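First to last, the protein sequences are chains A and B.
Everything in the first sequence is counted per UniProt numbering, starting at 1 for the first residue and increasing by one.
Everything in the second sequence is counted per UniProt numbering, starting at 1 for the first residue and increasing by one.
We treat Cβ as the ideally placed atom computed from N, Cα and C, and that holds for glycine.
These numbers were taken from a predicted model, which means no experiment stands behind them.
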Amino acid sequence: MPDQLLYAMEVTLNGLMAGVLYALVALGFVLIFKASGIFNYAQGVLALFAALTLVGIQEGQVPFAHLINAITGGHLTHFGWQVPAVIAIVLTAGVMVLLAIVIEKLVLKHLVSQAPIILFMATIGLAYFLEGFGDVMWGSDIKTLDVGLPQGINDTIETTTANWFGYGFFIDNLDIVATVVAVLLVTALTLFSQFSKQGRALRAVADDHQAALSVGISLRFIWVLVWSIAGFVALVAGIMWGSKSGVQFSLSLIALKALPVLMLGGFTSIPGAIVGGLIIGVGEKLFEFSIGPMIGGATENWFAYVLALVFLVFRPQGLFGERIIERV
Amino acid sequence: MKKTLTAWVAAAITLTSAPAFADLVVPNLSYRTGAYAANGIPYADGFNDYFTLLNERDGGIGGEKVQSPECETAYNTEKGVECYESTKGTGALVYNPLSTGITYQLIPKMSADGITLYTPGYGRTSAANGKVFKWVFNFPANYWDGASVAIKYILDQEGGDIKGKTVALVYHNSAYGKEPIRTLEELAKKHGFTLKAIPVDHPGQEQKSQWLQIRREKPDYVLMWGWGVMNQVAIQEAVNIRYPMDHFIGVWWSGSENDVAPAGDKASGYKSLSFHGTGGAYPVYDDLKKYVVDTGKASGAGDQIGTMLYSRGMYAAMIISEAIRKAQEMTGKSDVNAAEVRDGFENLDLTEARLEELGLPNFAQPIKASCENHGGPGSAKVFQWDAAAKKWNEASDWISSDREVLDPLIAEDSAAYAKEAGIEESCK
């Protein structure tokens, strides 16, 4: 097989894996938009906050240590214990639920029936607040996130492909784990929304707020529920991205990777987020591989948006989005 | 009544925001927020703490206290320029914005305003030519020095011959990252190696394509001009593809403890340049601990002392303070102004003996500036990361840059700027 074809196959596989990581971020946006019509600008910061909290709990870090030390003149940093990864993840998920309750009580509750742009602006404020709050709570140094996920080249795939094609493919173990986790997450979300009472309530609210309220579904409860789930999805995304780069404030910028995925897949479809992620992942990687070297490289950031725009020309609602028809 | 109120408000603003006019003011354009905060914080802390040390231990410089009021730029060029505009009226003597993008914007402004711009190890490389860039200094080393030092080190590793070898440059796709390309192209011609430039877009969180390319093309060495998360991800990806870490060399902005920490033990062997020493063994740190950290006056938590970026921030403050001292010596007065401080920079003669007096023996190369030479010695050392000991070990002695290649490039680039800006090259 020609080398270029083998390389293209390797790039495609890696693009699919990268797409899964993008989809993980996009999922959080979709969940909240679907249930409440809010475009949650703070989703990237939620991933950052979740990852910061996870490392903080795992490392036994004293929250607000800098603030406490500044007031008391002390030198607190750590409690002196380490929390196992699984327990730390569970505790962090708990913190994300608490955060969802606080957001609902302090922000969303006061904005019921406001225009979507108002809610969007509120999430911008929330993003900046959470970024600063995370800084004060856990410090701004780069933290190593280690929850035991494997990283580095998968030897089995490399050896097998080397035997088949004479060229060993590179697939990152972390990307394989991310794919498995994404599949489990989407399956769980689908089962939850199809078969649980809360899931059906969530779908009812997504379909028609007024009708859902009229049959006794609590909008406030649904908002807490959906922000909790989005917080959990953010935690998963934070773990995957944070394992690569360490947990640091640039983690919130992963949201930028989700936007073209949402444009392409639609804001209201969970399968859309997955398929959109895969198309963007493969598209940008193949473009960089084939055209990038001719035009100076670094094409991925803008090409993802171009690809999404091309799809929008033909399907303005995205591949799987709901068509909105407004009649005068 | 209205006038009285205005006067009170003006007085209150003056008292709360502006430093006392008798003080020496060196604004600290720092970034403690945003994507690059993790690097900006230790640098800003080192910068502030050194001035605090001078104030607490020596009563300032020549009896004048130093103030370094901070302004947050978030590594954003527009905010950096706003910071400059809002602080230059406070009697500011010199600026060190820690951003090549901000530097490019400030060069014409500060040259017009008559305030010194000091950019150690970053900024516009050809500012080393003092005949054109009267108000800009970038000693002890610039990006082109870094590129040359890295290639000289590779030459040394390869027994003096790198003909036919391939060197990849993984760079931040910005003004900063693109700086070394011209020099590396010239060095490639001179030494017969192939240069492969591989850009990474801001912020650099996703670099799979770039590292797959490196895996396919197998360059003999990889150089990196990165900043922030780009560094951490690049080192992790290099580990993932099993690239030999001792053939991976970062410029000094890709060589902090922050950059290697996320990859853990596997980052061991990664190399980086630096134009100063690192580690907490220098005598100045005893004074810093005694007068600044233990008295609760440290800018940060005091846990960054001796790290690469803290040391660099402290080094920048030390150079500025020595230039101010020189200006005081030249004028015979302590309350020097911005123009006099510029003269102090231009006449700076920082010897090893002086470094030793300052508690920094063998920390950096001596600097002897002049009207022509605003770029300094242009030397750097190679350091190698030891993950087990969590420290940078010296992997080379001081390596000087290739003046034969660099001087004509600097002359050419600065001449182009002079023409564009209508500046006549002069040292009168």
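Across the stretch 27-37 of chain A and the stretch 288-303 of chain A, are there enough close Cβ pairs to call them in contact, namely three or more that are closer than 8 Å? no
Between the alpha carbons of A:A47 and A:T92, how many angstroms are there, rounded? As a working note, residue 47 of chain A is residue 47 in the first sequence. As a working note, residue 92 of chain A is residue 92 in the first sequence. Near 11 Å, if we compare the C-alpha coordinates of A:T92 and A:A47.
Give a yes or no on whether the minimum CB-CB distance between B:A18 and chain A is below 9 Å. Residue mapping note: residue 18 of chain B aligns to position 18 of the second sequence, counting from 1. Confidence at B:A18 is low in this model, with a pLDDT of 48, below 50, so the placement of that residue should be treated as unreliable; the coordinate-derived value is given next. With 9 Å as the cut-off, B:A18 does not count as an interface residue toward chain A.
Can you name the residues of chain B whose CB is closer than 7 Å to the CB of A:F39? Translated into the one-based positions of the first sequence, residue 39 of chain A becomes position 39. Here the premise fails: no neighbours, minimum Cβ distance about 21 Å.
Interface residues of the stretch 256-270 of chain B facing chain A [CB-CB below 7 Å]: N258, A261, P262 and G264
Under 9 Å between the Cβ atoms of B:S148 and B:L212? Numbered from 1 along the second sequence, position 148 holds the residue referred to as residue 148 of chain B. Numbered from 1 along the second sequence, position 212 holds the residue referred to as residue 212 of chain B. Not in contact: B:S148 and B:L212 (Cβ atoms no closer than 9 Å).
I need the DSSP call for B:A197, collapsed to helix, strand or coil. What you label residue 197 of chain B is simply residue 197 of the second sequence in a count that begins at 1. If DSSP states are grouped into helix, strand and coil, B:A197 belongs with the strands.
For B:S78, count neighbouring C-beta atoms within 10 Å of its own C-beta (all shown protein chains included) and say buried if the count is 16 or more, exposed if not. Here residue 78 of chain B refers to the residue found at position 78 when the second sequence is read from its first residue. It is worth fixing the name first, because residue 78 of chain B is Glu in this sequence and not Ser. When all chains shown are included, B:E78 counts as exposed.
Chain-ordered chain A contacts of B:N240 [CB-CB under 7 Å]: Taking the first residue of the second sequence as position 1, residue 240 of chain B is located at position 240. Here the neighbours are Q151, G152, I153 and D172.
Sheet register partners of B:H172 (DSSP bridge): Residue 172 of chain B sits at position 172 when you count from the first residue of the second sequence. Note: B:H172 sits in a beta bridge opposite B:V200.
If we count the other Cβ atoms within 10 Å of its Cβ and call it buried at 16 or more, is A:K105 buried or exposed? Here residue 105 of chain A refers to the residue found at position 105 of the first sequence. Label assigned to A:K105: exposed.
Closer than 9 Å, CB to CB, is A:N163 near chain B or not? On the first sequence, residue 163 of chain A is found 163 positions in, with the first residue counted as 1. False, the Cβ-Cβ gap to chain B never drops below 9 Å.
Coil, strand or helix - B:Y221 by DSSP: Counting from one through the second sequence, the residue named residue 221 of chain B turns up at place 221. Looking at B:Y221 - three-state DSSP - the assignment turns out to be strand.
Can you tell me whether DSSP reads B:Q213 as helix, strand or coil? Numbered from its first residue, the second sequence carries residue 213 of chain B at position 213. Helix at B:Q213.
Rounded to a whole number of angstroms, what is the C-alpha to C-alpha distance between A:A85 and B:E64? Working through the first sequence from its first residue, we reach residue 85 of chain A at position 85. Working through the second sequence from its first residue, we reach residue 64 of chain B at position 64. Cα to Cα, the separation comes out at about 53 Å.
Under three-state DSSP, which class holds B:C427? Here residue 427 of chain B is taken as the residue at index 427 of the second sequence, counted from 1. Correct three-state label for B:C427: coil.
I'd like to know whether the C-beta of B:E56 is nearer than 9 Å to at least one C-beta of chain A. What you label residue 56 of chain B is simply residue 56 of the second sequence in a count that begins at 1. Chain A contact via Cβ: absent.
Out of curiosity, what's the CA-to-CA distance linking A:R203 and A:W223? Walking along the first sequence from the start, residue 203 of chain A turns up at place 203. Walking along the first sequence from the start, residue 223 of chain A turns up at place 223. About 12 Å.
Measure the alpha-carbon distance for B:G46 versus B:M314 and round it to whole angstroms. The residue given as residue 46 of chain B occupies position 46 in the second sequence. The residue given as residue 314 of chain B occupies position 314 in the second sequence. Going by the C-alpha atoms only, they are around 4 Å apart.
Roughly how many whole angstroms lie between the Cα atoms of B:K297 and A:T72? The sequence position of residue 297 of chain B within the second sequence is 297, counting from 1. The sequence position of residue 72 of chain A within the first sequence is 72, counting from 1. The straight-line gap from Cα to Cα measures roughly 14 Å.
Find the nearest neighbour of B:K190 within the set B:A411, B:E425 and B:R403, judged by alpha-carbon distance. Taking the first residue of the second sequence as 1, we reach residue 190 of chain B at position 190. Nearest option by C-alpha distance: B:R403.
Should B:T307 be labelled buried (16 or more other beta-carbon atoms within 10 Å of its own) or exposed? Locating residue 307 of chain B in the second sequence gives position 307, where the first residue counts as 1. B:T307 is buried by the Cβ-count criterion.
Closer than 8 Å is the cut-off here; do at least three beta carbon pairs connect the stretch 9-20 of chain A with the stretch 213-232 of chain A? no
Could you check what DSSP says for B:I115 in three-state terms: helix, strand or coil? Walking along the second sequence from the start, residue 115 of chain B turns up at place 115. Note: B:I115 maps to coil in three-state DSSP.
Mapping the DSSP letters down to three states, classify B:S30 as helix, strand or coil. In the second sequence, residue 30 of chain B corresponds to position 30, counting from 1. Three-state DSSP puts B:S30 in a strand.
Beta-carbon proximity list for B:F363, same chain, < 7 Å, skipping 5 on both sides: By one-based count along the second sequence, residue 363 of chain B stands at place 363. The answer, listed in chain order, is H276, G277, Y282 and L355.
Just to check my reading of the structure: A:V126 and A:I103 have Cβ atoms closer than 8 Å, yes? What is that Cβ distance to the nearest angstrom? By one-based count along the first sequence, residue 126 of chain A stands at place 126. By one-based count along the first sequence, residue 103 of chain A stands at place 103. Residue 126 of chain A is actually Leu in this sequence, not Val. Correct: roughly 7 Å between the Cβ atoms.
Taking A:V11 as the query, report the chain B residues whose CB atoms sit under 7 Å from its CB, ordered along the chain. Translated into positions along the first sequence, residue 11 of chain A becomes position 11. Going along chain B in sequence order, the residues near A:V11 (Cβ under 7 Å) are L212.
If B:Y243 and B:V222 are in contact, beta carbons under 8 Å, what's the gap, nearest whole angstrom? Counting from one through the second sequence, the residue named residue 243 of chain B turns up at place 243. Counting from one through the second sequence, the residue named residue 222 of chain B turns up at place 222. Sure, about 7 Å apart at Cβ, within 8 Å.
Runs of 3 residues minimum, wholly inside the stretch 120-184 of chain B: which ones carry the beta strand (DSSP E) assignment? 166-172
Is the shortest distance between the beta-carbon of B:K208 and the beta-carbons of chain A less than 9 Å? Translated into positions along the second sequence, residue 208 of chain B becomes position 208. Yes, B:K208 counts as interfacial toward chain A.
Okay, do the stretch 318-325 of chain B and the stretch 287-294 of chain B touch, 3+ Cβ pairs below 8 Å being the bar? no
Span of the beta strand (DSSP E) holding B:Q384? What you label residue 384 of chain B is simply residue 384 of the second sequence in a count that begins at 1. Looking at the DSSP string, the run of the beta strand (DSSP E) that includes B:Q384 is S379 to D386.
Rounded distance between the beta-carbons of B:L348 and B:V284, thought under 8 Å: Here residue 284 of chain B refers to the residue found at position 284 when the second sequence is read from its first residue. Here residue 348 of chain B refers to the residue found at position 348 when the second sequence is read from its first residue. 18 Å between Cβ atoms; not a contact.
Measure the C-alpha to C-alpha separation of B:P19 and A:F64 and round it to an integer number of angstroms. Taking the first residue of the second sequence as position 1, residue 19 of chain B is located at position 19. Taking the first residue of the first sequence as position 1, residue 64 of chain A is located at position 64. Residue placement at B:P19 is poorly supported in this model, since its pLDDT is 49, which falls under 50; the coordinates still yield a value, given next. Each residue's alpha carbon lies about 30 Å from the other.
I'd like to know if B:A37 contacts chain A, where contact means its C-beta is closer than 9 Å to some C-beta of that chain. If you number the second sequence from 1, residue 37 of chain B lands on position 37. Answer yes: the Cβ-Cβ gap between B:A37 and chain A drops below 9 Å somewhere.
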